[in-house]
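The opening residue of the sequence shown carries number 74 in the working numbering; numbering runs sequentially from there.
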Amino acid sequence: MVRTTNYLIIAYIIMLMVVLILPFYSSESYSIILNTTSQLGAQQTPNAWIMNLTFVLLGLGSILSGWKILKGYTFHRVVLVLFGLSLVLAAIFHHAPVNTNLEYDLQQDWLHSVFASATGFSFTVFALSVTFIVEKKIDGLLAISAGILAMAFSMLMFNIPELMGIWQRLLFISCFGWLIYLFSNADKLKKR
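Encoded structure:
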């Protein structure tokens, strides 16, 4: 069994604490049920830097944890880097504030949306493509499930927006949990 350093675990633990605790120290109008994690890191939002730093840690942690394991799988490495960097860029460019009466930079909000969408798309492509490089059938099923869950939670966010905060937290918990599982052991992948 080949073990690797899984930096993503640290970022995941931080993320769990931040998405569950930071809402109580954010904008007064922020709702853990209605509002997304991006809105925790929004423009003119108290303590937004904490959520944005968490996005950076998740993005870089994903790249660092998966790079060695994906040796020989160039396509997967490229998609993983796109995923991680788009998450970092979503942290750099901030969402519009929850309080729509506040002034904010429209271009920054638009760029955040572009990079957040790129994050979701690249994760889905990565998860579905991992299906073809894992040894065990169960790991392939888990990869397909992660990709489908990412799409399903994204659709739920737009179709049932009054629970958007819940859907996004479930998306983050399940998808990053799967990445930790995948990156925990290089023996899961077919030899190259």
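Backbone N, C-alpha and C fix where the C-beta goes; we use that ideal spot for every residue, glycine too.
Note to self: Strictly by DSSP, which residues pair up with VAL198?
What the structure shows: Taking the sequence shown and counting its residues from 1, the one referred to as residue 198 is at position 125. Partner(s): none; VAL198 has no beta bridge.
Checklist line | N- and C-terminal bounds of the alpha helix (DSSP H) containing ILE106 | finding: Counting from 1 along the sequence shown, the entry for residue 106 is found at position 33. Careful: ILE106 lies outside any alpha helix (DSSP H) and carries neither H nor E.
Notebook entry, point to check: Taking the alpha-carbon positions, what's the LEU133 to ILE142 distance?
Noted result: By 1-based counting over the sequence shown, the position of residue 133 is 60. By 1-based counting over the sequence shown, the position of residue 142 is 69. Spanning the two alpha carbons is a distance of roughly 15 Å.
Check: For GLN112, which residues of its own chain have a beta-carbon under 6 Å away from its beta-carbon, when the five flanking residues on both sides are left out?
Finding: Mapped onto the sequence shown, residue 112 falls at position 39. Counting only Cβ-Cβ distances below 6 Å, and skipping sequence neighbours, we find HIS168, VAL171.
Next item on the list: Starting from ASP178, trace the alpha helix (DSSP H) both ways and give me its first and last residue.
Entry: Position 105 of the sequence shown, counted from the first residue, corresponds to residue 178. That residue, ASP178, is in no alpha helix (DSSP H); it is neither H nor E in DSSP.
Checklist line | Nonlocal neighbours in the same chain, by C-beta distance under 7 Å from VAL154, ignoring five residues either side | finding: Counted from its first residue, the sequence shown places residue 154 at position 81. Cβ neighbours of VAL154 beyond the five flanking positions: ILE136.
Margin query: I want to know whether the segment 218-230 touches the segment 244-257 - three or more CB-CB distances under 8 Å.
Written below: yes
Item checked: Proximal residues to VAL152 (C-beta, below 8 Å), its chain only, five neighbours per side dropped -> Your numbering for residue 152 matches position 79 in the sequence shown. The residues are SER195, VAL198, PHE199, SER202.
Next item on the list: State buried or exposed for GLY145, treating a residue as buried only when at least 16 other CB atoms are found within 10 Å of its CB.
Entry: Reading the sequence shown from its first residue, position 72 is the one you call residue 145. Counting Cβ neighbours within 10 Å, GLY145 comes out exposed, since fewer than 16 surround it.
Check: In the DSSP assignment, what residue or residues form a beta bridge with LEU262?
Finding: For the purposes of this step, residue 262 is taken as the residue at position 189 of the sequence shown. For LEU262, which the question treats as bridged, DSSP gives the partners VAL207.
Next item on the list: Leaving aside the five residues before and after ASN108 along the sequence, list all residues of the same chain whose C-beta is less than 8 Å from its C-beta, in chain order.
Entry: The count along the sequence shown starts at 1 and reaches residue 108 at position 35. Cβ within range, chain order: PRO96, VAL171, MET237, GLY238.
Next item on the list: Go ahead and pull the three-state DSSP assignment for HIS101.
Entry: Counting from one through the sequence shown, the residue named residue 101 turns up at place 28. Sequence inspection shows Glu at residue 101; the His mentioned does not correspond to that position. Coil, per DSSP.
Next item on the list: Could you tell me whether the segment 248-264 touches the segment 203-219, where touching means 3 or more Cβ pairs closer than 8 Å?
Entry: yes
Notebook entry, point to check: Can the beta-carbon of LEU130 be found closer than 9 Å to that of MET90?
Noted result: Within the sequence shown, residue 130 is the residue found at index 57, counting from 1. Within the sequence shown, residue 90 is the residue found at index 17, counting from 1. It is not a contact, given that the beta carbons lie outside the stated cut-off.
Item checked: Other residues of its chain near GLU235: CB distance less than 8 Å, five sequence neighbours each side excluded -> What you label residue 235 is simply residue 162 of the sequence shown in a count that begins at 1. Result list for GLU235: ILE106, LEU107, in chain order.
Check: Is it a yes or a no for the segment 177-189 touching the segment 115-130, going by three-plus beta-carbon pairs under 8 Å?
Finding: yes
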